[in-house]
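Residue numbers (the working numbering), protein chains in the order written: chain A, 29 to 146; chain B, 29 to 146. C-beta: ideal position from N, C-alpha, C; glycine also. Report on the structure given below.
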DNA sequence: CAGCCATTTAAGTAACTCCTTAATTAATGA
DNA sequence: TCATTAATTAAGGAGTTACTTAAATGGCTG
């Protein structure tokens, strides 16, 4: 384990990988085993196992052992933390952008030339 | 303008670092220069510069050059994408957990006969 | 018990991250 | 022009991540 990564970093880090987000997406249709979980992915089972370990230590999933099957299921609390962080910042930023938007609207109505870009 | 998987990874990855989240937090009080931005951190300016590059390529900030100062400011669109992903999953998961919660409540009220603990 | 099944651990590797210091670019002002 | 200031690029190192294959673990079953 590397020097105590804070929870938020762990959760964001866990979500930064498309395979792990895929696992969570699949898991949101219901708890399942590692074998089923790894089916849609081309990578090996040990690789999936490692991803699950990351998700577990970030608090995003729970694993319970039933016979030889490890059932994975989702925990929402970590997501809630992340959502709180994001929404906090979005709220602040959106206030600023509303002010900015007013000024830009003024400028636009003055400029009104109409060039499109992507 | 639609979110691709890679964009999402880039944004989550960018948010997975406490220094970068600190930069964003500071930036939410207003646009500023790299020098001011790096003041509260103990790491070198090039390190901050590198973090800014990550944030910029994730679409979380914008940099404009005015004389020898690079002004950094926040973009919210990437955050919106992330928030959408999270809220999508939270909604799904919360549905499942509400169902679970009902069953647990039933169980609790059934148990709640002789024991007083939580 | 022996063998099978689902999954994890172990070991190794290529690529990436985060940081450093030194050199570089670019604008300002005497 | 030359020195100063602001920030970046370059080069490199320590540590981490994401994968691989091979071996091990733990439970089930014939």
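Rounded C-beta distance between residue i and residue j? I'm assuming under 8 Å.
i: residue 90 of chain B; j: residue 106 of chain B; result: The pair is not a contact, with the Cβ atoms about 11 Å apart (cut-off 8 Å).
i: residue 43 of chain B; j: residue 40 of chain A; result: 4 Å
i: residue 52 of chain B; j: residue 117 of chain A; result: 7 Å
Who are residue i's beta bridge partners in DSSP?
i: residue 94 of chain A; result: A:97
i: residue 89 of chain A; result: A:102
Where does residue i sit, in a helix, a strand or coil, going by DSSP?
i: residue 61 of chain A; result: strand
i: residue 45 of chain B; result: coil
i: residue 72 of chain B; result: coil
i: residue 66 of chain B; result: helix
i: residue 56 of chain B; result: coil
i: residue 108 of chain B; result: helix
i: residue 34 of chain A; result: coil
Which same chain residues, not among the five before or five after residue i, have their C-beta less than 6 Å away from its C-beta?
i: residue 135 of chain B; result: With a pLDDT of 46 at residue 135 of chain B, under the threshold of 50, the modelled position of this residue cannot be trusted; read the value that follows with caution. So no residue of the chain qualifies.
i: residue 120 of chain B; result: none
i: residue 114 of chain B; result: none
i: residue 66 of chain A; result: 73 and 76
Output needed for residue i: all residues of its chain with C-beta closer than 8 Å, excluding positions within five of it in sequence on either side, in chain order.
i: residue 59 of chain A; result: 99, 100, 101 and 102
i: residue 87 of chain A; result: 35, 38, 39, 103, 105 and 106
i: residue 68 of chain A; result: 50 and 54
Is any non-hydrogen atom of the ligand ADP found closer than 6 Å to the C-beta of residue i, if you look at the structure I gave you?
i: residue 40 of chain A; result: This structure does not include the ligand ADP; it has no bound ligands of any sort.
Run down chain A in chain order and give the residues with a C-beta less than 9 Å from the C-beta of residue i.
i: residue 72 of chain B; result: By Cβ distance, chain A contributes nothing, its closest Cβ being about 19 Å from residue 72 of chain B, past 9 Å.
i: residue 37 of chain B; result: 43, 44, 45, 46 and 49
i: residue 99 of chain B; result: Chain A residues near residue 99 of chain B: none, gap ~14 Å exceeds 9 Å.
Taking Cβ-Cβ distances shorter than 8 Å, what residues in chain A pair up with residue i?
i: residue 117 of chain B; result: 52, 53, 56 and 107
i: residue 111 of chain B; result: 111, 114, 115 and 118
Identify the contact partners of residue i in chain B, using a Cβ-Cβ distance below 8 Å as the criterion.
i: residue 82 of chain A; result: Here the premise fails: no neighbours, minimum Cβ distance about 11 Å.
i: residue 86 of chain A; result: Result: empty, since nearest Cβ-Cβ is about 10 Å, beyond 8 Å.
Give me the chain A residues within the contact set of residue i, using Cβ-Cβ distance strictly less than 7 Å, ordered along the chain.
i: residue 65 of chain B; result: Result: empty, since nearest Cβ-Cβ is about 16 Å, beyond 7 Å.
Taking residue i as the query, report the chain B residues whose CB atoms sit under 7 Å from its CB, ordered along the chain.
i: residue 92 of chain A; result: The premise fails here: residue 92 of chain A is roughly 14 Å from chain B at the closest Cβ pair, so nothing lies under 7 Å.
i: residue 40 of chain A; result: 40, 43 and 44
Report all residues from its chain with a CB closer than 7 Å to the CB of residue i; omit the five preceding and five following residues, and keep chain order.
i: residue 48 of chain A; result: 42, 79, 82 and 83
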